[in-house]
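Asks: I have a structure here, written as structure tokens, and I will follow up with some questions on it.
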Amino acid sequence: GQQLNQSPQSMFIQEGEDVSMNCTSSSIFNTWLWYKQDPGEGPVLLIALYKAGELTSNGRLTAQFGITRKDSFLNISASIPSDVGIYFCAGDMNTGFQKLVFGTGTRLLVSP
Amino acid sequence: SAVISQKPSRDICQRGTSLTIQCQVDSQVTMMFWYRQQPGQSLTLIATANQGSEATYESGFVIDKFPISRPNLTFSTLTVSNMSPEDSSIYLCSVVRRDRLTEQFFGPGTRLTVL
Chain A
197 GQQLNQSPQS MFIQEGEDVS MNCTSSSIFN TWLWYKQDPG EGPVLLIALY KAGELTSNGR
257 LTAQFGITRK DSFLNISASI PSDVGIYFCA GDMNTGFQKL VFGTGTRLLV SP
Chain B
41 SAVISQKPSR DICQRGTSLT IQCQVDSQVT MMFWYRQQPG QSLTLIATAN QGSEATYESG
101 FVIDKFPISR PNLTFSTLTV SNMSPEDSSI YLCSVVRRDR LTEQFFGPGT RLTVL
């Protein structure tokens, strides 16, 4: 099935550093969602974006919906050890059926 | 977010057997979905669970292999039939709430290992 291209595949950073990851597609999406998955858990919704160009923050997280509607990025500022996990972007084509296409994931490791 | 529970949380099964996974939500939701996450991979949509009617399957997934039920607005089951080791995955249900129609919330997942 279709997948969104997410980069980088993995990141290993020091606590306190800022992190940036992005997601690109060949298709247009009308909604972008960012999730975090901890080991043994289901994905948890972090941020939802609904309009091209929209910039939304949730605490130390900031995400933007690309103008072309084919990409999105997620930034994490001042990373902490509990930010460790896998981050997934997901796009919804808004066909009316809320079917999500998921990105390939970015694995984040934070060193104390 | 909605409180979503899945049973079992994990299981180890023998080849050729079937396992039914349950998903229960604490409030009425509009849509329920089932996803598969193979080891180290992303999530892939299996099907949309439709209340009182047959599920809508995505390409590559068929009803004989993954029968789904949704008898009411808060409960759904996914059966993995005639299992093989390739079916070893995490199976997740997700829901869309009536008051958050553009967002999906996921259950904790069922980790299945087939020997």
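First to last, the protein sequences are chains A and B.
Counting in the working numbering, the first sequence runs from 197 upward without gaps.
Counting in the working numbering, the second sequence runs from 41 upward without gaps.
No residue lacks a Cβ here, since even glycine has one placed at the ideal position from N, Cα and C.
#1: Only counting the same chain, and skipping five residues up and downstream in sequence, which positions put a Cβ closer than 8 Å to that of D104(B)?
#2: Is it true that the CB of S275(A) sits closer than 8 Å to the CB of E213(A)?
#3: Mark R110(B) as exposed unless 16 or more other C-beta atoms lie within 10 angstroms of its C-beta, in which case mark it buried.
#4: Are A259(A) and L270(A) closer than 8 Å when you measure CB to CB?
#5: Near D267(A), what residues of its chain come up, given a Cβ to Cβ distance below 8 Å and the 5 sequence neighbours on each side ignored?
#6: What did DSSP end up calling E126(B) once you bin it into helix, strand or coil?
#7: Under 8 Å between C-beta atoms, does Q199(A) make it to chain B?
#8: Note down the Cα distance separating T96(B) from F146(B), rounded to an integer number of angstroms.
#9: According to the Cβ coordinates, are T302(A) and P204(A) closer than 8 Å?
#10: Which same chain residues end up closer than 8 Å to Q294(A) when comparing Cβ atoms and leaving out the 5 residues on each side of it in sequence?
#11: So what's D288(A) in DSSP terms, helix, strand or just coil?
#12: Mapping DSSP to helix, strand and coil, what is P277(A)?
#13: Would a check of beta-carbon distances place Q205(A) closer than 8 Å to chain B?
#14: Kindly list the residues whose CB is nearer than 8 Å to the CB of M207(A), restricted to its own chain and excluding five residues on each side of it in sequence; keep chain order.
#15: Could you work out which residues of chain A lie near S128(B), taking near to mean beta carbons separated by less than 9 Å?
#16: If we ignore side chains and look at the alpha-carbon of each, how far apart do L26(B) and E250(A) end up?
#17: Cβ closer than 7 Å: which chain A residues qualify as neighbours of E94(B)?
#18: Among Q78(B), L113(B), G56(B), Q81(B), which one has its Cα closest to the Cα of R138(B)?
#19: Taking only beta-carbon atoms, is L190(B) less than 8 Å away from chain A?
#20: Contact criterion: CB-CB distance below 8 Å. Does Y246(A) meet it with respect to chain B?
#21: Please state if the CB of V135(B) and the CB of R55(B) are separated by a distance shorter than 8 Å.
#22: Taking only the alpha-carbon atoms, compute the straight-line gap between C53(B) and L245(A) and give it to the nearest angstrom.
#23: Take G236(A) as the anchor and find which of Q46(B), T119(B), V102(B) has the nearest alpha-carbon.
Replies: By the coordinates alone:
#1: S121
#2: yes
#3: buried
#4: yes
#5: N218, C219, T220, S221
#6: helix
#7: yes
#8: 19 Å
#9: yes
#10: D288
#11: Of the three classes helix, strand and coil, the one that applies to D288(A) here is strand, per DSSP.
#12: helix
#13: Cβ-Cβ to chain B under 8 Å: no for Q205(A).
#14: V215, M217, T302, R303, L304, L305
#15: Neighbours of S128(B) on chain A: none; closest Cβ ~15 Å, over 9 Å.
#16: Outside the displayed range of chain B (41 to 155) lies residue 26(B), so it cannot be described from this structure.
#17: Within chain A, no residue comes near E94(B); the closest Cβ sits about 15 Å away, beyond 7 Å.
#18: The residue among Q78(B), L113(B), G56(B), Q81(B) with its C-alpha nearest the C-alpha of R138(B) is L113(B).
#19: The question about residue 190(B) has no answer here: the residues shown for chain B are numbered 41 through 155.
#20: yes
#21: no
#22: Taking the straight line from one Cα to the other gives about 40 Å.
#23: Closest by alpha carbon: Q46(B).
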